[in-house]
Each structure stands twice: as C-alpha cells, then as structure tokens.
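Protein sequence lines correspond, in order, to chains A and B. Here this note's numbering is used: position 69 in the first sequence is 69, and no number is missing along the way. Here this note's numbering is used: position 132 in the second sequence is 1132, and no number is missing along the way. Backbone N, C-alpha and C define an ideal beta-carbon position, used for all residues, glycine too. Please read all numbers here as calculations on a predicted model, not as lab measurements. So the structure is just underneath, and the comments pick up after that.
2 protein chains.
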Amino acid sequence: MIVLGVDPGTMTTGYGLVDKVSSGINFIHSGKIELSGINPIHERIHRIFESFLEIIRRFNPEELAIEDVFFAKNVKSALKLGQARGAVLIASVQCGLKIYEYSPLEIKKAVVGYGRASKEQVRSMVKSILGIKDNLGLDEADALATAICHAHWTKY
Amino acid sequence: MIVLGVDPGTMTTGYGLVDKVSSGINFIHSGKIELSGINPIHERIHRIFESFLEIIRRFNPEELAIEDVFFAKNVKSALKLGQARGAVLIASVQCGLKIYEYSPLEIKKAVVGYGRASKEQVRSMVKSILGIKDNLGLDEADALATAICHAHWTKY
C-alpha cells in the first residue's frame, strides 16, 4: 500500500512516498516543488495541482496523508495556504486517492513520540525510521512524517 | 468578450457570466453551486473544481473576475475559503482563462458607486444594470457584480 504524504505551502510544497508492507514501512521517494519564482499566485497553485497529478501518475499511491491545519500566522497566510492545500486535495480526489488528515500533534507523536518535537528532530527520526542516508529537506521530512503517521494508524 | 465572475464559498459558490460588447454589458447566465450537503470538505472542493470546468466548457469565457480576499472571520474559515478559491483558480488556469482580481471596495464602487453598499443594494444595481427581471440570489449577484466590475475596467 503506497502512501503519499504532503506538506503543502505556497513557497515550497514537500511530498514523500512510503510503502506500508506487513514487515514495516519502506521509503520510495521524496521531493519538493519549488514555487517561490512562480507568479502570480494562481499560476503557483496550478503548478502544485499539475505536479501532484504527475507524482500520482508516476508512483500510483492509493492514499494521501495530509496535515489538518488549524493554525496560520494570520488570515492572509491562511488564505494562501488554503489555496495550496486545495490544489493537493483536488489532484488527489481527481485521481481517486483516499484522503486522511492528521493533526500536527498526531504526526509528531507518530515519529518522535512527543508533540513538541522540533522540525530537525522530526527529520532525524524520519531518516532513522526509513533508513535514509542522504540529505533530506525539512519539507520532505515533514511530508514523509505525515505518510509514516498514516502508515502507523493503518492496519492491514 | 465573455467574462466569468465568481463569489467563492464553501457552502455556496455563486457564478455569473456577462458579455462585454462595445455598446455595453449583456447578461448571459448565472447560478450557484450548492455545497452544504457534500462532505468531507475535500469532496466539496473537488465539486467546485469540476463544476467550474463544466461552466467554462459550456459558456467559453475568456476571462475570470474574482474577489481578492484579505479578510475572513478567522484563520479556520480563511483556510476553507482559500481551498474553495483555489479550486476556481485551478479550473480557470487549466482552461486558459486570464485571471483578474478586484477588492470588495472596487467591486462595490463599480456597481453601486460607493464602497459600503449592502449586499441587497449590490443585487438591486446588478439587476438594473443587466436588466434581470427574475429573482437573483445574493451569491449570484455578487458574482455578477465582480464580472461587471471587470467589464468596467476593461477597454476594447
């Protein structure tokens, strides 16, 4: 069962794919979509949508795991983040993926064991859980953490 | 030149189409997408996306006019509204529409003449400008007001 985890943002959107098998969780791939150079904002949102269609077609995940956001710096950034999140959700529904949402607390607990872990601690545990030796960006690590969280909650 | 105006929302999304011709603005069609019965939220967002693909294919507008939102009750509703707005933008970019954003003040000024007009006043002026005799929902009126605002700003 391939799970696509995502960390949506309007500057960078991270994604990561893991395979949940009976013996554990295998790392497949991760990456990030660089958006800071793309303007205006609607072109950025569309790029996220198209990139996710591509990722889904390439790796064929069955489920999407995404952070359930209730917090943003302010209303303006919440509107932007909502648009980026919407792009990921539309591409996923379009491709028939089942969608699962987890709170930041659930995600951190699933990988680090406690909810106040730093982003660096999350990355370090993600690398350890998945046996990743190479460098891993913080956005990719967050996306993979969300996928790991979902894999933990899912029984096969 | 056909303009599609939109008033995005997660409960109801209104839309309206006008034709800007050298002699003025002609009403083409308006409607609303009812979303309150559709759950979970990602299905709702996807419905907006699909509905707009359909509307665009049916009426073939060249330009989208949408309110530039900077205000929401709180961060949670801003995130939801952002997702709905993202769905409209993605469908529009996907279909090659040019996108224009206007502030609520610009929209109200374009139809009523002053920025503090009530929704009912906006509707009344939209009906008068477009010669609409039938009932018109407030969301449709807002969408048509956005389209009229764009038509006012555009020179041919």
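For a contact defined as C-beta to C-beta under 7 Å, what are the partners of residue i on chain A?
i, result
"B:Ile1076", "The question names Ile, yet the displayed sequence has Lys at residue 1076 of chain B. Result: Phe70."
"B:Leu1017", "Those do not exist, as B:Leu1017 stays about 19 Å from chain A at its closest Cβ, beyond 7 Å."
So, under 8 Å CB-CB, residue i and residue j are touching, yes? Tell me the CB distance rounded to an integer number of Å.
i, j, result
"B:Gly1005", "B:Ala1065", "5 Å"
"A:Leu97", "A:Val126", "No, A:Leu97 and A:Val126 are not in contact; Cβ-Cβ is about 21 Å, not under 8 Å."
"B:Gly1014", "B:Gly1137", "7 Å"
"B:Val1018", "B:Ile1028", "6 Å"
"B:Ile1045", "B:Gln1083", "5 Å"
"B:Thr1146", "B:Lys1080", "Contact flag wrong, Cβ pair sits at about 20 Å."
"A:Cys149", "A:Glu120", "Not really, about 18 Å apart at Cβ, beyond 8 Å."
"B:Ala1072", "A:Val75", "5 Å"
"B:Asp1068", "B:Ser1023", "Rounded, the Cβ-Cβ distance is 29 Å, inconsistent with contact."
What residues of chain A sit near residue i, judged by a beta carbon separation below 8 Å?
i, result
"B:Gln1083", "Gly82, Gln83, Arg85, Gly86 and Leu89"
How would you list, in chain order, the residues of chain B whose beta-carbon sits under 7 Å from the beta-carbon of residue i?
i, result
"A:Gly4", "Contrary to the premise, residue 4 of chain A reads as Leu rather than Gly in this sequence. Simply none; closest approach about 14 Å."
In the structure shown, what three-state DSSP assignment does residue i receive?
i, result
"A:Lys32", "strand"
"B:Leu1144", "helix"
"B:Asp1139", "helix"
"A:Lys127", "helix"
"B:Lys1020", "strand"
Can you name the residues of chain B whose CB is closer than 8 Å to the CB of residue i?
i, result
"A:Leu138", "Chain B residues near A:Leu138: none, gap ~21 Å exceeds 8 Å."
For the ligand ADP, is there any heavy atom lying closer than 7 Å to the beta carbon of residue i?
i, result
"A:Ser22", "Looking at this structure, you won't find the ligand ADP or any other ligand, since it has none at all."
Along chain A, which residues have their Cβ under 9 Å away from the Cβ of residue i?
i, result
"B:Leu1130", "Within 9 Å Cβ-Cβ: nothing; B:Leu1130 doesn't reach chain A, min ~27 Å."
Please specify which runs of the beta strand (DSSP E), each continuous and at least 3 residues long, are wholly inside the stretch 1035 to 1111 of chain B, giving them in chain order.
1063 to 1067 and 1098 to 1102
According to a CB-to-CB cut-off of less than 8 Å, which residues of the stretch 85 to 112 of chain A neighbour chain B?
Arg85, Gly86, Ala87, Leu89, Ile90, Ser92, Val93, Gln94 and Ile99
Going along the chain, which residues of the stretch 1028 to 1061 of chain B sit with their C-beta nearer than 7 Å to a C-beta in chain A?
His1042, Glu1043, Ile1045, His1046 and Phe1049
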